[in-house]
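Take a look at the structure below.
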Amino acid sequence: MNSVWTLPYWETAFRLFMAAVLGGLIGWERERDAHPAGFRTHILVCLGSALIMLISIYGFSDFIKEENVRADPARLAAQVVSGIGFLGAGTILRHGLTVSGLTTAASLWVVAGIGLAVGAGYMFGAVLTTILALVSLELLNRMERLVVGRRRLAKIVVTVKDEPGKLGELASVLREIGAGIRKVTIDEEDPGDGRIKISFTIRLSEEISTTRIVEEVRRVKGVKGVRTG
């Protein structure tokens with residue numbers, strides 16, 4: 001079995017180069033849309049994963065010859081899979097009830113897997129996974145925008161008395177009208193007056209007007225004001 005000292009340099013260089021390229025392709029898609037983890041981060045994750053896999057497979061081959069020594073090439077790889085969660089968690093941002101960065105965290109996890117596959121020499125799986133990841137990130141994103149584009153997006157800002165269950169009540173009213181809620185944020189206007197400001201980003205069909213939305217929301221008990229953003 002080859003070791004890190006006997007593995008041809010061109011083989012090591014090729015695998016690390018492929019890891020940088022494949023990770024960079026996914027990172028480029030994230031970078032273009034200004035997501036938390038972009039081009040460089042994805043390259044580093046994929047490159048580091050590939051190197052760790054190379055070390056895991058070939059770095060300890062000399063010790064296998066010793067008696068009572070068991071080698072497990074998957075041990076270091078398993079640490080990458082679990083450890084990447086800490087990096088992915090850093091890309092997830094929470095503002096009120098809005099959570100963003102989940103897709104970027106998932107892409108980092110996939111890139112780590114691609115790096116491990118490249119390090120193990122499983123090029124077909126690494127390349128195919130990269131292609132499928134790019135399709136899901138790019139093509140499906142365009143399809144979603146195309147579908148959403150057929151409907152109008154509107155923003156409704158509601159000032160309401162801070163009471164338990166009020167958010168759910170407003171959300172129920174919007175759903176009954178036929179408005180799809182895309183995003184919700186909550187801000188406290190003044191801690192002393194007991195009011196909060198809830199911003200709804202909603203998706204409307206051509207049959208529903210924002211005027212009707214405002215009128216229906218105003219009828220909810222506790223609502224102090226409604227405006228379109």
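Numbered as in the UniProt record's numbering, the sequence shown ends at 229 without a single skipped number.
The beta carbon of each residue, even a glycine, is placed where N, CA and C say it ideally should be.
Assuming contact is defined by CB atoms lying nearer than 9 Å, are residue i and residue j in contact in what I supplied?
| i | j | result |
| --- | --- | --- |
| G229 | V160 | no |
| I52 | A77 | yes |
| K197 | I213 | no |
| G125 | W109 | no |
| L16 | L134 | no |
| residue 251 | G168 | Since the displayed the chain opens at 1 and closes at 229, residue 251 lies outside it and no answer follows. |
| V157 | A171 | no |
| G48 | V80 | yes |
| T103 | L137 | yes |
| residue 289 | R195 | With the chain covering 1 to 229 only, the question about residue 289 has no answer from this structure. |
Apart from the five residues just before and just after residue i, which ones in its own chain have a Cβ nearer than 6 Å to its Cβ?
| i | result |
| --- | --- |
| G23 | H42, I43, C46 and V111 |
| residue 233 | Since the displayed the chain opens at 1 and closes at 229, residue 233 lies outside it and no answer follows. |
| residue 233 | Only positions 1 to 229 of the chain appear in the structure, and residue 233 is not among them; the question remains open. |
| K218 | The residue you asked about is not Lys; residue 218 is Arg in the sequence shown. For R218, where only same-chain residues beyond five positions count, the Cβ hits under 6 Å are V226. |
When DSSP labels each residue in this structure, what does residue i get in the three-state scheme?
| i | result |
| --- | --- |
| A120 | coil |
| R219 | coil |
| L102 | helix |
| S22 | Contrary to the premise, residue 22 reads as Leu rather than Ser in this sequence. Three-state result, L22: helix. |
| I208 | coil |
| A179 | coil |
| T41 | helix |
| G194 | coil |
| T6 | coil |
| E163 | coil |
| G115 | helix |
| G27 | helix |
| G229 | coil |
Could you work out which residue in the options is closest to residue i when comparing CA atoms only?
| i | options | result |
| --- | --- | --- |
| T211 | V81, K197, R203 and R227 | R227 |
| I181 | R195, P164, I202 and G115 | I202 |
| M18 | S199, D193 and I114 | I114 |
| L204 | L174, G165 and R218 | L174 |
| V220 | E188, R142 and E163 | E163 |
| residue 239 | R32, D193, G38 and E11 | A query on residue 239 cannot be resolved here, the shown segment of the chain reaching from 1 to 229 and no further. |
| M123 | L140, A20 and Y9 | A20 |
| E176 | Y9, E216 and D193 | E216 |
| T129 | M143, S107 and L7 | S107 |
Under a Cβ-count criterion, where at least 16 other Cβ atoms within 10 Å of its own Cβ denotes burial, should residue i be classed as buried or exposed?
| i | result |
| --- | --- |
| R30 | buried |
| I131 | exposed |
| G27 | buried |
| G165 | exposed |
| Y58 | buried |
| L116 | buried |
| S82 | exposed |
Leaving out five residues before and five after residue i in sequence, what residues of the same chain have Cβ atoms less than 8 Å from its Cβ?
| i | result |
| --- | --- |
| S56 | P73, A74, R75, L76, A77 and G119 |
Might you give, ordered along the chain, the residues of its own chain that have their beta carbon closer than 7 Å to the beta carbon of residue i, omitting 5 neighbours on each side?
| i | result |
| --- | --- |
| E188 | I196 |
| L97 | Reliability of the predicted coordinates at L97 is poor, the pLDDT of 46 falling under 50, and the value obtained from them is presented with this limitation in mind. Hits under 7 Å: V184, T185 and I186. |
| G38 | G27, R30 and E31 |
| P8 | none |
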